[in-house]
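Participant: The structure's right below; bear with me while I get my questions together.
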RNA sequence: GGCGCCGUAGCCAAGUGGCUAAGGCAGCGGAUUGCAAAUCCGCCAUCGUCGGUUCGACUCCGACCGGCGCCUCCA
């Protein structure tokens with residue numbers, strides 16, 4: 054990788070929405086040229102569902118765009134592998150907490166991998182950071198922001214003068230009974246940093262006796278260990294704003310006397326569309342079944358299906374395109390219908406890629422495009438109208454991404470780009486003439502590759518439908534059928550030709566006639 | 001009750017105080033095709049309702065109606 058001189062390198066102006074200030078802000082890093090990002094990962098006690106994938110996909114794209122724009126980005130996603138829910142679930146399943154955590158972590162990683170989320174630099178586990186967590190809590194106790202109580206340790210919200218600043222709430226307005234441990238807390242809003250172990254529960258030794266970390270503390274401790282006490286971006290789902298992120302801020306800023314993160318970014322939540330099919334929908338009442346509900350949050354409590362099961366019905370690329378077609382802060386309308394539409398939209402790209410491969414012999418997926426946005430090198434190769442159009446298009450794409458990572462607009466420019474390239478191939482007659490100069494087409498496709506890569510789209514070719522011995526057999530049969538049909542067509546026996554095509558169509562095999570031959574594909 | 005978000009075409013979904021209100025899916029018309037498919041061209045919205053601010057608002061403010069999230073585990 055080329056070394057960039059950070060002192061002279063100029064970075065684009067990026068705006069991002071900060072939950073803390075409720076507005077877009079100019080992006081300025083703590084350390085020039087470097088970005089530290091922390092995304093709250095899963096508590097690994099059940100298989101991950103689609104909701105768990107939103108953050109990783111969004112932040113993967115954000116990282117790609119920042120790296121493309123010249124920053125040196127470190128991205129951390131934690132794994133919370135110790136928690137009440139893990140203890141309960143592992144008991145139910147008669148296995149150790151560690152074994153359960155390992156199984157679910159693997160599931161999570163497999164899902165990320167299927168989606169091409171590969172930019173995560175470190176995935177720390179809470180149980181690997183118990184020592185740091187204990188020191189963190191001890192520091193808070195020492196500064197009198199926390200107090201031990203009968204083997205537990207609680208954060209004393211009353212001592213934190215700006216508690217509630219992330220979610221604009223004051224202690225008076227905060228409801229809550231304080232839960233089962235209310236009698237040990239000074240205030241109902243106090244939350245556990247350390248929980249005393251009951252017999253048979255996994256535990257670690259601590260100054261307050263054997264126990265385990267409370268929920269929020271692992272993120273404070275691990276982000277500090279890996280990114281420092283003040284890093285740039287902290288993200289997560291909107292449902293984590295309170296109490297999780299509010300409490301992280303309380304812990305970290307009380308201990309360190311500096312902002313925990315400059316920017317707090319929160320992605321919208323998945324909405325499940327019911328049979329009604331609309332996002333707006335009608336109110337819940339007792340007669341509604343789950344299917345009748347118009348739009349409700351997808352979560353464990355609504356029985357979201359494991360992501361790996363979703364993958365048996367839908368291609369990861371279609372899921373990813375759907376996620377990126379909505380702005381990250383908006384709720385995403387999710388379901389079989391939207392996924393189907395997304396898959397159909399995807400085909401426009403993939404048909405162009407195969408068209409390109411047919412013409413030039415190059416696989417789109419192995420094209421090696423520029424991975425830095427510096428200068429206008431990408432478009433200097435084009436001349437005249439194509440050049441102007443492509444310049445405008447690239448600018449629209451980059452401006453959208455610079456403006457709070459507006460992937461919806463970025464994706465829209467890509468659709469325009471597909472149309473432009475198809476038109477270019479048509480108008481230049483590239484399909485018809487044998488002897489051709491494909492330089493401009495190659496340039497256009499390289500730019501497409503550059504832009505889709507920064508979104509994290511089309512990283513790997515679609516799975517081949519026909520592989521192995523069966524695939525070979527199918528392929529040779531199809532070649533034979535196509536040859537026979539071709540003879541029928543030459544003999545003007547269109548009844549036979551159409552019979553073949555229609556019958557194949559019923560078997561979900563699609564034929565496409567072109568001037569120089571016939572393609573087949575499985576629908 | 002407190003905090004916050006949303007309501008744009010048949011469906012999904014960007015966006016802007018005034019210039020053609022992106023893009024996708026579906027639909028319709030055309031070019032192309034033996035016919036299809038694919039591709040290309042064209043068509044398809046006045047922005048929940050009512051007031052206000054303004055020379056001008058879909059975009060700002062208010063009210064109302066409808067929907068959603070958080071305040072409890074949650075990505």
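In the numbering used here, the protein residues as written are 54 to 576.
Every residue, glycine too, gets a C-beta built ideally from N, C-alpha and C.
Remember, predicted model here, so these are calculated numbers, not experimental data.
Indicate the three-state DSSP secondary structure (helix, strand or coil) for residue 201 in the structure shown.
Facilitator: Residue 201 falls in the strand class under three-state DSSP.
Participant: Per the DSSP calculation, residue 288 is bridged to which residue(s)?
Facilitator: 92 and 318
Participant: Is residue 417 helix, strand or coil when you go by DSSP?
Facilitator: helix
Participant: For residue 419, does the count of other Cβ atoms within 10 angstroms reach 16, so buried, or fall short, so exposed?
Facilitator: exposed
Participant: Can you grab the Cα-Cα spacing for the pair residue 478 / residue 218, in whole Å?
Facilitator: The alpha-carbon atoms of residue 478 and residue 218 are separated by roughly 56 angstroms.
Participant: Please classify residue 514: does DSSP put it in a helix, a strand, or coil?
Facilitator: Residue 514 falls in the coil class under three-state DSSP.
Participant: Based on the DSSP secondary-structure assignment, which residues constitute the bridge partners of residue 208?
Facilitator: 199 and 244
Participant: For residue 130, which residues of its own chain have a beta-carbon under 6 angstroms away from its beta-carbon, when the five flanking residues on both sides are left out?
Facilitator: 92, 94, 173 and 176
Participant: Helix, strand or coil: how does DSSP classify residue 59 here?
Facilitator: Residue placement at residue 59 is flagged as unreliable, the pLDDT there being 44, under the threshold of 50; the coordinate-derived value follows with that caveat. Three-state result, residue 59: coil.
Participant: Jot down the residue ranges of each uninterrupted alpha helix (DSSP H) in the stretch 234-283, minimum 4 residues, whole runs only, in chain order.
Facilitator: 270-280
Participant: For the 8 angstroms Cβ check, are there 3 or more pairs between the stretch 68-84 and the stretch 128-144?
Facilitator: no
Participant: Are there three or more Cβ pairs, one per stretch, closer than 8 angstroms when the stretch 281-301 is compared with the stretch 157-169?
Facilitator: no
Participant: Count Cβ pairs between the stretch 262-280 and the stretch 303-317 that sit closer than 8 angstroms; are there 3 or more?
Facilitator: yes
Participant: Helix, strand or coil: which one does DSSP assign to residue 149?
Facilitator: In the displayed model, residue 149 falls within coil according to three-state DSSP, outside both helix and strand.
Participant: Quick test of your reading: residue 360 and residue 101, contact by CB under 8 angstroms. State the CB separation rounded to the nearest angstrom.
Facilitator: 5 angstroms
Participant: Here's a check: name, in chain order, each residue in its chain whose Cβ is nearer than 7 angstroms to the Cβ of residue 106, leaving out the five neighbours to either side.
Facilitator: In chain order, 164, 168 and 360 place their CB closer than 7 angstroms to the CB of residue 106, counting only its own chain and leaving out the 5 sequence neighbours on each side.
Participant: Can you tell me which of 372, 381, 385 and 491 puts its alpha carbon nearest to the alpha carbon of residue 397?
Facilitator: 372
Participant: Between residue 546 and residue 530, what straight-line distance do the alpha-carbon atoms span, to the nearest angstrom?
Facilitator: 21 angstroms
Participant: Take every Cβ of the stretch 459-477, pair it with every Cβ of the stretch 505-513, and state whether three or more of those distances are shorter than 8 angstroms.
Facilitator: yes
Participant: Using the C-alpha atoms, what's the distance from residue 307 back to residue 132?
Facilitator: If you take the alpha carbons of residue 132 and residue 307, they lie about 24 angstroms apart.
Participant: Taking the CB atoms as reference points, tell me whether residue 103 and residue 399 lie closer together than 9 angstroms.
Facilitator: Contact flag unset, no.
Participant: Answer with buried or exposed for residue 575, where buried requires no fewer than 16 other C-beta atoms within 10 angstroms of its C-beta.
Facilitator: By the neighbour-count rule (16 or more Cβ atoms within 10 Å), residue 575 is not buried but exposed.
Participant: Got a sec? Which residues, its chain only, sit under 6 angstroms from residue 341 by beta carbon, not counting five neighbours each side?
Facilitator: For residue 341, the predicted model reports a pLDDT of 30, less than 50, meaning its position is unreliable; a value from the coordinates is still stated below. Within the same chain, no Cβ atom closer than 6 angstroms to the Cβ of residue 341 is found once the five residues on either side in sequence are excluded.
Participant: Kindly indicate which three-state DSSP category residue 495 falls into: helix, strand or coil?
Facilitator: In this structure, residue 495 counts as helix in the three-state DSSP scheme.
Participant: For residue 574, which three-state DSSP category applies?
Facilitator: If DSSP states are grouped into helix, strand and coil, residue 574 belongs with the strands.
Participant: Taking residue 150 and residue 255 to be in contact with their CB atoms under 8 angstroms, please state how far apart those CB atoms are, rounded to whole angstroms.
Facilitator: Going by Cβ atoms, the distance from residue 150 to residue 255 rounds to 5 angstroms, so yes, they are a contact pair.
Participant: Tell me where the beta strand (DSSP E) around residue 79 begins and ends.
Facilitator: Counting along the chain, the beta strand (DSSP E) containing residue 79 begins and ends at 76-79.
Participant: Which residue comes first and which comes last in the beta strand (DSSP E) that contains residue 565?
Facilitator: 562-567
Participant: If I measure Cβ to Cβ from residue 383 and keep anything under 8 angstroms in the same chain, skipping five residues before and after, which residues do I get?
Facilitator: 321
Participant: So who's on the other strand from residue 129, going by DSSP bridges?
Facilitator: 91 and 175
Participant: Buried or exposed for residue 118, please, with buried defined as at least 16 other CB atoms from any protein chain shown within 10 angstroms of its CB.
Facilitator: buried
Participant: With a threshold of 6 angstroms on Cβ separation, who are the neighbours of residue 293 within its own chain once the five nearest residues in sequence on each side are excluded?
Facilitator: Within the same chain, residue 293 has close Cβ partners 93.
Participant: Tell me, to the nearest whole angstrom, how far the beta carbon of residue 209 is from that of residue 243; I am working on the premise that it is less than 8 angstroms.
Facilitator: Distance from residue 209 to residue 243 at the Cβ level is roughly 6 angstroms; contact confirmed, criterion being Cβ atoms closer than 8 angstroms.
Participant: When the Cα atoms are used, what is the spatial distance from residue 525 to residue 538?
Facilitator: 20 angstroms
Participant: Roughly how many angstroms separate the alpha carbons of residue 73 and residue 127, rounded to a whole number?
Facilitator: 22 angstroms
Participant: Just the Cα atoms here: how many angstroms apart are residue 10 and residue 245?
Facilitator: Because the chain is modelled from 54 through 576, residue 10 falls outside the range shown and cannot be assessed.
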